[in-house]
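Protein chains: 2
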Amino acid sequence: MQDMITVVVDAMGGDNAPGEIIKGAVLTVQERKDIKVVLTGDEDTLRKGLSEYDYDKERLQIVHAPEIITNCEAPVMAIRRKKNSSIVVALNMVKNKEADAFVSAGSTGAVLAGGQLIVGRIGGVERPPLAPLIPTMNGVSLLIDCGANVDARSSHLVQFAKMGSIYMENVLGIKNPRVAIVNIGAEEEKGNLLVKETFPLLKNCTDINFIGSIEAREIPNGAADVIVCEAFVGNVILKLYEGLGTALIKKVKTGLMSTTRSKLGALLVKPALKETFKTFDATKYGGAPLLGLNGLVVKTHGNAKSNEVHNSILQCVTFTEQNINEKIRNNLNKNENE
Amino acid sequence: MQDMITVVVDAMGGDNAPGEIIKGAVLTVQERKDIKVVLTGDEDTLRKGLSEYDYDKERLQIVHAPEIITNCEAPVMAIRRKKNSSIVVALNMVKNKEADAFVSAGSTGAVLAGGQLIVGRIGGVERPPLAPLIPTMNGVSLLIDCGANVDARSSHLVQFAKMGSIYMENVLGIKNPRVAIVNIGAEEEKGNLLVKETFPLLKNCTDINFIGSIEAREIPNGAADVIVCEAFVGNVILKLYEGLGTALIKKVKTGLMSTTRSKLGALLVKPALKETFKTFDATKYGGAPLLGLNGLVVKTHGNAKSNEVHNSILQCVTFTEQNINEKIRNNLNKNENE
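Respectively, the protein sequence lines represent chains A and B.
At the far end of the first sequence sits residue 515, using the working numbering, and the numbering has no gaps.
At the far end of the second sequence sits residue 515, using the working numbering, and the numbering has no gaps.
In structure tokens, the structure reads:
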């Protein structure tokens, strides 16, 4: 029999909390017998929310956490002061091995800061990267790092490449994932100082499948599985992806509604377009893991609905079962001893 | 009567050279009596190409330039060695005041390097930025810098903001253009070292309308008119814009063709969608100017067709008539003396 995996979920984080978070948690324990979910948040509110559902009470529990960290608060300060917040209480459970993983749709800054301050880094990890999956024409790619720690060094980027490679191979099941570094041209001599310094280091890594530079134009085509960059650039890519995607879909909708003729056509094309846009959506894979910590911390979208919360919890199970942290620890320490 | 403006065009640069370049030049002199166009390239080839058209031969001339600089060549080396290339011959005409402006769809690297090496910078300009217009939900924004000089300093970014502001106000006619710096959050304390250093400097500029940070998500919404960033980030934004736009439109087309029902609907929605996508296309504004040079150099898309070449030439006229370089010179020197 498989071991039970415990995932603690921030029930108060995100635009749709606690309703959609609760729903996602219920969905998970109804569907999977090998998962225990703990919700952190205001006990009364959560009890009321849960009362609508029928579920195994042994495997879906509440831990009272009356405080909430908002998006407007300075992350480090909030983590230090709000000891009874849904985020801090949950992170302490991961730290104390009462939970294997933590999922939050709340403040990205607080989740990142808390992950590092409370759960802590795996020995050898210089900087834990936030690594969301982004949709491409033929699947998804891992964009690593999109976190809050900017001005990275080349040694950080090399670790990102290794951790990202392990994640894509073991959690997504992509054999020998192609690793590329974001650059402004395909040639090795192109790039800023950081990229020029990192490129030869990546080329020398024997444990990753480094394919060279990737121009931003090629990212949506799925030209690499692991896309390495420092957090400022990663953040720009991630947010432009979201913004431009939303803008273009809005444009298409406006176009469809612009004439009588197109309105008629819209009725016919809508189901097909809906299916198409679904293939260009990464939420079915869950949230973005903060890699390299002594436990798993997953940041899911602020606007996540029950299904994305559910998928983020499932992602934690694969991560834990595949011993990703053990693999990261072994890989980084092996390289240090080389 | 208006003075005649002379624009020299690289007839051998780009995917559609010389055919579409010639066509764009002919279109221009047919439409406007105040513009003279000079084409640089192989004389025989151009003469043959031009023989198909009827145009005022006084205002559309050829200057023989038998060499071609390709995209594969190292830019600085190519500019130094290929003195008889269509790019170098044209840039020398701008340098010698035989032409007011230069348009090329050829090697971006060579155009940028040649612009700096041959035409030279306006006194006071530290670094000439390449500033393309990108489409937004309600018009266009100027993305400055997308050039080849990475690892910029804060003083460069301040100059980009000023030059971009002058360009948008005088060439695009946007009064008091909103200037923002690309950042990973809206707050002043966010960002990497460069952004943190630049932010207060921009805030202190009295001659621009600085509105603060812009997250990449907001760029497609047209949240600022002048978007300031260093070239590596600008390049990523520009290329992701192109790549993601193409990918999503391809997705929509696949969706429309996926079922019998949607195929029928596609016939009805196509004209409207085509109109919609046209509004999300910046080529009607011309190419990207390399600002801050002693003359105007415009880089248009490698795949530019006659219409974009035509628009790029027209853009040079507005630029020259509005004395943009004079305004840049005055602004930067005024600030130096403050």
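For each residue, glycine too, the CB sits at the ideal point set by N, CA and C.
For the beta strand (DSSP E) containing Ile388/B, name the first residue and the last one. Counting along the chain, the beta strand (DSSP E) containing Ile388/B begins and ends at Asn386 to Glu392.
Looking at the C-beta of Lys416/A, does it have a partner C-beta in chain B at a distance below 9 Å? yes
Distance between beta carbons of Gly218/A and Ile256/A, contact taken as under 8 Å: Not quite, the Cβ-Cβ distance comes to about 17 Å (not below 8 Å), so this is no contact.
Could you name the residues of chain B that Asn480/A contacts, counting a contact when the two beta carbons are closer than 8 Å? Near Asn480/A there are no residues of chain B at all, since even the closest Cβ is about 12 Å away, more than 8 Å.
Straight-line Cα distance separating Thr497/B from Met178/B: Only weak support exists for where Met178/B lies, its pLDDT of 41 falling under 50; the coordinates are left without a value.
How about Arg330/A: is its C-beta nearer than 9 Å to some C-beta of chain B? No, Arg330/A does not count as interfacial toward chain B.
Would a check of beta-carbon distances place Lys427/B closer than 9 Å to chain A? yes
Between Arg236/B and chain A, is there a C-beta pair that is closer than 9 Å? no
Identify the contact partners of Met254/A in chain B, using a Cβ-Cβ distance below 9 Å as the criterion. Ordered by position in chain B, no residue passes the 9 Å Cβ test against Met254/A, which lies about 12 Å from the chain.
Coarse secondary structure for Asp187/A, derived from DSSP in three states: strand
Met189/A classed as buried or exposed, judged by whether at least 16 other C-beta atoms fall within 10 angstroms: buried
Roughly how far, in whole angstroms, is the beta-carbon of Asn360/B from the beta-carbon of Gly368/B, given that I think they are within contact range, below 8 Å? That pair is a contact at about 5 Å.
In or out: Gly249/A buried (at least 16 other Cβ within 10 Å) or exposed? According to the sequence provided, residue 249/A is Cys. The question's Gly does not apply to it. Counting C-beta atoms within 10 angstroms of its own C-beta, Cys249/A has fewer than 16 neighbours from the protein chains shown and is therefore classed as exposed.
Taking just the CA atoms, how far does Cys493/B sit from Asn480/B? 19 Å
Mind checking if Ala242/B is an interface residue toward chain A, Cβ cutoff 9 Å exclusive? no
Per-residue DSSP class, three states only, for Lys476/A: strand
Taking Cβ-Cβ distances below 7 Å as the criterion, which residues of the region 381-402 of chain A are in contact with chain B? Glu392, Ala393, Arg394, Glu395, Ile396, Pro397 and Asn398
On the criterion of 16 or more Cβ atoms from any shown chain inside 10 Å, does Leu450/B qualify as buried, or is it exposed? Its Cβ being crowded by 16 or more others within 10 Å, Leu450/B is buried.
State the start and end residues of the unbroken alpha helix (DSSP H) segment that holds Gly420/A. Ala408 to Leu433
What is the residue span of the alpha helix (DSSP H) that Gly226/B lies within? Glu220 to Leu227
Listed in chain order, which residues of the region 291-322 of chain A have Cβ atoms closer than 7 Å to some Cβ of chain B? Closer than 7 Å at the C-beta level to chain B, one finds these residues of the region 291-322 of chain A: Met314.
Under 9 Å Cβ-Cβ, which residues of chain B neighbour Asn369/A? Val327, Asp328, Glu407, Ala408 and Phe409
For the putative contact between Asn326/B and Arg304/B, defined by C-beta atoms under 8 Å, what is the C-beta separation to the nearest angstrom? The pair is a contact, with the Cβ atoms about 6 Å apart (cut-off 8 Å).
Let me know the alpha helix (DSSP H) ranges lying completely inside the region 197-268 of chain B, each 4 residues or longer, listed in chain order. Listed in chain order, the alpha helix (DSSP H) runs fully inside the region 197-268 of chain B are 220-227 and 252-258, counting runs of at least 4 residues.
Closest by C-alpha distance to Met181/A, when choosing among Ala276/A, His241/A, Leu204/A and Leu223/A: Ala276/A
Excluding the 5 residues preceding and the 5 following Ile501/A in the sequence, name in chain order all residues of the same chain whose CB lies nearer than 7 Å to its CB. Ile343, Tyr344, Asn347 and Val348
When Gln499/A, Val429/A and Leu268/A are compared against Glu452/B, the one with the closest alpha-carbon: Val429/A
Please name the residue, chosen from Lys274/A, Lys272/A and Ile404/A, that lies closest to Gln336/A on a Cα-to-Cα basis. Ile404/A
With DSSP run on the structure shown, which of helix, strand or coil describes Ile501/A? DSSP places Ile501/A in helix when its eight states are reduced to three.
Going by other Cβ atoms of all chains shown within 10 Å of its Cβ, with 16 needed for buried, is Leu509/B buried or exposed? buried
Exposure label - Glu395/B; buried when at least 16 CB within 10 Å: That one is buried.
How many angstroms separate the CA atom of Gly411/B from the CA atom of Thr456/B? 22 Å
Chain A contact for Phe496/B (CB, 9 Å cutoff): no
By the 10 Å Cβ neighbour count, where 16 or more other Cβ atoms means buried, how is Met340/B classified, buried or exposed? buried
Inter-stretch contact at 8 Å, needing at least 3 Cβ pairs: the region 370-377 of chain A / the region 271-286 of chain A: no
Against Phe457/A, what residues of chain B qualify as contacts under a CB-to-CB distance less than 9 Å, listed in chain order? Result: Ala424, Leu425 and Lys428.
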